[in-house]
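Q: Structure in structure tokens, see below.
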Amino acid sequence: MARIPIFLLGLVVFWATLAEAEYMIYKDATKPLNSRIKDLMNRMTLEEKIGQMTQIERGVASAEVMKDYFIGSVLSGGGSVPSKQASAETWINMVNEFQKGALSTRLGIPMIYGIDAVHGHNNVYKATIFPHNVGLGATRQVKIIPHSY
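In mature numbering (1 follows the signal peptide of the UniProt record, and there is no 0), the protein residues as written are -21 to -1, 1 to 128.
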């Protein structure tokens, strides 16, 4: 007889724990986009909204900065590299660290990473540098453009 009340008590505690877990519409991919956006915006503080509208330069970014200031985007401008002759793996590790910081915030909003790469991703050591699209268009030689890549 004593086992049944203990089992029921355990079941009640389990259900109570589940009830406390807050349902977040913005994380539910099955819900309409407008509902998800409204839910997320209503949850965000002013500081989080400002942070999400902020794009910082890679040189000042870190996982801590991403988390503390709710940064929404990081950009590598011309010549901004993680280290001299940085490999693709170095770039991946750097961006992943920034993303971990962004995802560790209260709402877990991922950041966007951008590269000023009009010639291709030539910040990566030994990368191919492609002709600028404006320059390709200026040639007025449509048939040769595919051969430039």
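Positions of the beta carbon are idealized from the N, C-alpha and C atoms, including for glycine.
1) Using DSSP with H/G/I as helix, E/B as strand and the rest coil, what is glutamate 27?
2) Using DSSP with H/G/I as helix, E/B as strand and the rest coil, what is tyrosine 2?
3) Checking the sheet assignment: what are the DSSP bridge partners for glutamate 36?
4) How do the stretch 78 to 90 and the stretch 109 to 120 stand: do at least 3 beta-carbon pairs fall below 8 Å, yes or no?
5) Within 8 Å (strictly less), CB to CB, does asparagine 21 reach chain B?
6) Closer than 8 Å by C-beta to arginine 22: which residues in its own chain qualify, once you throw out the five before and the five after it? Chain order, please.
7) Which same chain residues, not among the five before or five after glycine 57, have their C-beta less than 6 Å away from its C-beta?
8) Consult DSSP for glycine 116 and reduce its assignment to one of helix, strand or coil.
9) Which residues does DSSP list as the beta-bridge partners of glycine 93?
10) Mapping DSSP to helix, strand and coil, what is histidine 111?
11) If isoleucine 35 sits next to valine 53, beta carbons under 8 Å apart, how far is it from one beta carbon to the other, in whole angstroms?
12) Among Ala106, Ser66, Ser41, Lys105, which one has its Cα closest to the Cα of methionine 90?
A: On the basis of the supplied data:
1) For this step, residue 27 is matched to residue 48 along the sequence shown. Correct three-state label for glutamate 27: helix.
2) Taking the sequence shown and counting its residues from 1, one reaches residue 2 at position 23. Three-state DSSP puts tyrosine 2 in coil, outside helix and strand.
3) Numbered from 1 along the sequence shown, position 57 holds the residue referred to as residue 36. According to DSSP, residue pairing for glutamate 36 in a beta bridge involves Leu54.
4) Look at the beta carbons and you see the stretch 78 to 90 not touching the stretch 109 to 120: under three pairs across the two are nearer than 8 Å.
5) Note that chain B does not occur in the displayed structure, where there is just one protein chain.
6) Indexing the sequence shown from 1 puts residue 22 at position 43. A distance below 8 Å between beta-carbons, with the five flanking residues on each side excluded, links arginine 22 to the following residues of its chain, in chain order: Met3, Tyr5, Leu86.
7) Position 78 of the sequence shown holds residue 57. Annotation for glycine 57: Asp95 place their beta carbon closer than 6 Å to its own, counting only its chain and skipping 5 residues before and after.
8) Here residue 116 refers to the residue found at position 137 when the sequence shown is read from its first residue. DSSP places glycine 116 in the helix class (H, G or I) of the three-state scheme.
9) Walking along the sequence shown from the start, residue 93 turns up at place 114. Residue pairing by DSSP places glycine 93 opposite Leu54 in a beta bridge.
10) As a working mapping, residue 111 is identified with position 132 in the sequence shown. Coil at histidine 111, not helix or strand.
11) Counting from 1 along the sequence shown, the entry for residue 35 is found at position 56. Counting from 1 along the sequence shown, the entry for residue 53 is found at position 74. With a Cβ gap of about 6 Å, isoleucine 35 and valine 53 count as contacting.
12) Residue mapping note: residue 90 aligns to position 111 of the sequence shown, counting from 1. The shortest C-alpha separation from methionine 90 is found at Ser41.
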